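**Q**
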Amino acid sequence: MAMVSMAASPPTCVKLSSLRRTSSSGITRASAGANGGALTCDGVKLTQGLGDLPKVVLAAPHGRLDVCGNDGFIYGLNCSEADIYLFGACLTSWKIPNGKDLLFVRPDAVFNGQKPISGGIPHCFPQFGPGPMQQHGFARNMNWSLVDSESVEGKPVVTFELRDNPYSRSMWDFSFQALYKVILDSTSLSTELTVKNMDKKPFSFTTALHTYFRASVTGAAVRGLKGCKTLNKDLDPKNPREGVEERDVVTFPGFVDCIYLNVPNELSLENGLGDKILIKNTNWSDAVLWNPHLQMEACYKDFVCVENAKIKSVKLEPEQSWIATQQLSIA
Ligand code: TA6
């Protein structure tokens, strides 16, 4: 039976070996706001984050393991860690084993379960925007459910689910299921997004993983985009200018808001802080680079967004699914 653990602040390493689910059918379905509902297994812990919002903490061991304390539990040293809020299924932190957090949460982010969390990896779904509904759609400001948790070859793996409800249907009148699997390894953070049409009629959507990377903006550089068709939104987001990227190395010298179509399956980001991050994907055909420059004077120097995206509509017939993966890893 999984134990309930609701620490006020997450430990630097979570228990890695003490809690095992007995069978997948015995697993608890934990939802935001569920009273005391917690799901744990190796390297996974449901706890409370900022604003008391439910948050899942993942820890993946790296290197030596020790037994510490007299409780017999094994604790990992030099863990990599990831935090995911059920609100928006937003990954807000990815700490690599040296303790550096490669994701960035804006200082103006609010954790009140009302407004989307500004930072980390928010979902844009079912609209990237601009478009008929709120910018970036509703998935980032809805509570997702934690529906599965397991340890695969020592790696914590969790899956979140979002289903339509009256709120989503007020903007987008379709029945759908979105599943978001997150896998943490010692030097990588992988996700798999599956969108399934549960309706009796077809629907279309656009989507993105709006990843905020911690960076020193003057030193940040993205490689892999040369030759890609661009839709530059810097002057008028509603009427982007078409072009072709000619640079081997794309930097952020000022305001940047640009869509890249049909990008390769691998990009790289040097964050200007000494880290090189490989951004691999399957089926996220497009990418977006964004830095608000002086529009966000308080923080623009500290992050860049490099987003895997699906800018052209994906159309799904009833019962059809669309799946896309993203892997961030340290080079
Ligand atoms: O992804 C780039 C972008 O769509 C920009 O056009 C800008 O509007 C930005 O996202 C806003 O991001 P936020 O996280 O503040 O919703």
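The numbering used here puts the sequence shown at residues 11 to 341.
We put the CB at the ideal spot given by N, CA and C, even for glycine.
Only a predicted model underlies this, so the values are computations on that prediction, with no experimental measurement involved.
#1: Mapping the DSSP letters down to three states, classify G129 as helix, strand or coil.
#2: Using DSSP bridges, identify the partner residues of G253.
#3: Tell me whether P118 counts as near ligand 1, meaning its Cβ is closer than 7 angstroms to at least one heavy atom of that ligand.
#4: Which one or two residues does DSSP pair with G147 in a beta bridge?
#5: For R39, name the three-state secondary structure that DSSP assigns.
#6: So what does I321 bridge to, in DSSP terms?
#7: Does any heavy atom of ligand 1 sit closer than 7 angstroms to the C-beta of V298?
#8: Quick check: what's the CA-CA separation for K290 versus Y270?
#9: Report the residue from E160, V168, V120, V162 whose alpha carbon sits nearest the alpha carbon of R150.
#10: Can you give the beta carbon distance from A70 to D195, rounded, assuming they're within the 8 angstroms contact cut?
#11: With P64 as the anchor, note down where its alpha helix (DSSP H) starts and where it stops.
#12: With a Cβ-Cβ cutoff of 8 angstroms, do L244 and V266 count as a contact?
#13: Where does V157 sit, in a helix, a strand or coil, going by DSSP?
#14: Using 10 angstroms around the beta-carbon of Q330, count the other beta-carbons present and answer buried if the total reaches 16, otherwise exposed.
#15: Any heavy atom of ligand 1 closer than 7 angstroms to the CB of C315?
#16: Measure the C-alpha to C-alpha separation of W154 and C100 and round it to an integer number of angstroms.
#17: Does the distance from the C-beta atom of A188 to that of A319 stay below 8 angstroms?
#18: Between the C-alpha atoms of L338 and V259, what's the straight-line distance to the nearest angstrom?
#19: Answer yes or no: do P303 and G253 have a C-beta to C-beta separation smaller than 8 angstroms?
#20: How long is the line joining the alpha carbons of A334 and M208, rounded to whole angstroms?
#21: Closer than 7 angstroms to a non-hydrogen atom of ligand 1 - does that hold for the CB of Q187?
#22: Could you tell me the distance, in whole angstroms, from the CA atom of K236 to the CA atom of I287?
#23: Go ahead and label E327 buried or exposed: buried means 16 or more other beta carbons lie within 10 angstroms of its beta carbon, across all protein chains shown.
#24: Taking the straight line between their C-alpha atoms, what separation do you get for L172 and Q336?
#25: CB of P166 to nearest heavy atom of ligand 1: below 7 angstroms?
#26: Once the 5 residues before and after F313 are set aside, which same chain residues still bring their CB inside 7 angstroms of it?
#27: Taking 8 angstroms as the limit between beta carbons, can you name the residues of its chain near S323, skipping five residues before and five after?
#28: Tell me, please, which residues DSSP counts as bridged to N301.
#29: Can you give me the start and stop residues for the alpha helix (DSSP H) that Y177 sits inside?
#30: At a threshold of 7 angstroms, does Q136 count as lining ligand 1 (C-beta to nearest heavy atom)?
#31: Output yes or no for whether 8 angstroms exceeds the beta carbon distance between P64 and L112.
#32: Please report whether the beta-carbon of L172 lies at a distance below 8 angstroms from any beta-carbon of chain D.
#33: Tell me the residue span of the beta strand (DSSP E) that contains E329.
#34: Identify, in the order they occur along the chain, each residue of the same chain with its Cβ nearer than 8 angstroms to the Cβ of N272, setting aside the five sequence neighbours on each side.
#35: Give a single yes or no on whether P132 has its beta carbon closer than 7 angstroms to a heavy atom of ligand 2.
**A** Looking at the atomic coordinates:
#1: Working through the sequence shown from its first residue, we reach residue 129 at position 119. The answer is strand: DSSP assigns G129 an E or B state.
#2: As a first step, residue 253 is located in the sequence shown; it is residue number 243 there, counting from the start. In DSSP, G253 forms a bridge with T240.
#3: Numbered from 1 along the sequence shown, position 108 holds the residue referred to as residue 118. At residue 118 the sequence reads Asp, which differs from the Pro that was named. No, the beta carbon of D118 sits no closer than 7 angstroms to any heavy atom of ligand 1.
#4: As a position in the sequence shown, residue 147 is number 137, starting the count at 1. Looking at the DSSP assignment, G147 forms a beta bridge with F135.
#5: Along the sequence shown, read from residue 1 onward, the residue named residue 39 stands at position 29. At R39, the pLDDT of 33 sits below 50, so the modelled position is not reliable and the matter cannot be decided from this model.
#6: Numbered from 1 along the sequence shown, position 311 holds the residue referred to as residue 321. Paired residue(s): none; I321 is not in a bridge.
#7: As a first step, residue 298 must be located in the sequence shown, where it is residue number 288. Yes, the Cβ of V298 comes within 7 angstroms of a heavy atom of ligand 1.
#8: Residue 290 sits at position 280 when you count from the first residue of the sequence shown. Residue 270 sits at position 260 when you count from the first residue of the sequence shown. Computed Cα separation, rounded: 15 angstroms.
#9: Position 140 of the sequence shown, counted from the first residue, corresponds to residue 150. Ranking E160, V168, V120, V162 by Cα distance to R150 puts V120 first.
#10: Here residue 70 refers to the residue found at position 60 of the sequence shown. Here residue 195 refers to the residue found at position 185 of the sequence shown. That pair is a contact at about 6 angstroms.
#11: In the sequence shown, counting from the first residue as 1, residue 64 sits at position 54. It is not in any alpha helix (DSSP H) - P64 instead sits in the beta strand (DSSP E) that spans 64–70.
#12: For the purposes of this step, residue 244 is taken as the residue at position 234 of the sequence shown. For the purposes of this step, residue 266 is taken as the residue at position 256 of the sequence shown. Checking the sequence, you will find Asp at residue 244 rather than Leu. Contact: yes.
#13: If you number the sequence shown from 1, residue 157 lands on position 147. Reduced to three states, the DSSP call for V157 is strand.
#14: The count along the sequence shown starts at 1 and reaches residue 330 at position 320. So Q330 counts as exposed.
#15: Looking up residue 315 in the sequence shown gives position 305. Within the cutoff, so yes.
#16: Along the sequence shown, one-based indexing puts residue 154 at 144. Along the sequence shown, one-based indexing puts residue 100 at 90. Straight-line Cα distance between these residues: approximately 9 angstroms.
#17: Here residue 188 refers to the residue found at position 178 of the sequence shown. Here residue 319 refers to the residue found at position 309 of the sequence shown. No.
#18: Within the sequence shown, the letter at position 328 stands for residue 338. Within the sequence shown, the letter at position 249 stands for residue 259. The alpha-carbon atoms of L338 and V259 are separated by roughly 19 angstroms.
#19: Stepping through the sequence shown from its first residue, residue 303 is reached at position 293. Stepping through the sequence shown from its first residue, residue 253 is reached at position 243. It is worth fixing the name first, because residue 303 is His in this sequence and not Pro. Cβ atoms of H303 and G253: not closer than 8 angstroms.
#20: In the sequence shown, residue 334 corresponds to position 324, counting from 1. In the sequence shown, residue 208 corresponds to position 198, counting from 1. Straight-line Cα distance between these residues: approximately 18 angstroms.
#21: Here residue 187 refers to the residue found at position 177 of the sequence shown. Q187: no, Cβ never under 7 angstroms from ligand 1.
#22: Within the sequence shown, the letter at position 226 stands for residue 236. Within the sequence shown, the letter at position 277 stands for residue 287. Cα to Cα, the separation comes out at about 18 angstroms.
#23: Against the sequence shown, residue 327 aligns to sequence position 317. Looking at its Cβ environment, which holds fewer than 16 other Cβ atoms inside 10 Å, E327 is exposed.
#24: Indexing the sequence shown from 1 puts residue 172 at position 162. Indexing the sequence shown from 1 puts residue 336 at position 326. Approximately 19 angstroms, taken between the alpha carbons.
#25: Taking the first residue of the sequence shown as position 1, residue 166 is located at position 156. Checking the Cβ of P166 against ligand 1 gives no.
#26: In the sequence shown, the residue the question calls residue 313 occupies position 303. Taken in chain order, the residues that qualify are F114, Y222, F223, R224, A225.
#27: The sequence position of residue 323 within the sequence shown is 313, counting from 1. Contacts found: S214, F215, T216.
#28: Along the sequence shown, one-based indexing puts residue 301 at 291. In the DSSP output, where bridge partners are listed per residue, N301 has V266.
#29: For the purposes of this step, residue 177 is identified with residue 167 of the sequence shown, where counting begins at 1. Element bounds for Y177: 176–181.
#30: Stepping through the sequence shown from its first residue, residue 136 is reached at position 126. According to the sequence displayed, residue 136 carries Pro and not Gln. No, Cβ of P136 sits at least 7 angstroms from all heavy atoms of ligand 1.
#31: For the purposes of this step, residue 64 is identified with residue 54 of the sequence shown, where counting begins at 1. For the purposes of this step, residue 112 is identified with residue 102 of the sequence shown, where counting begins at 1. No; because the gap between Cβ atoms is not below 8 angstroms, this pair is not in contact.
#32: No chain D is part of this structure, which consists of one protein chain only.
#33: In the sequence shown, the residue the question calls residue 329 occupies position 319. Unbroken run through E329: none, as it is neither H nor E.
#34: Within the sequence shown, residue 272 is the residue found at index 262, counting from 1. C238, K239, S295, D296, listed in sequence order.
#35: Absent from the structure shown: ligand 2. Ligands present: ligand 1.
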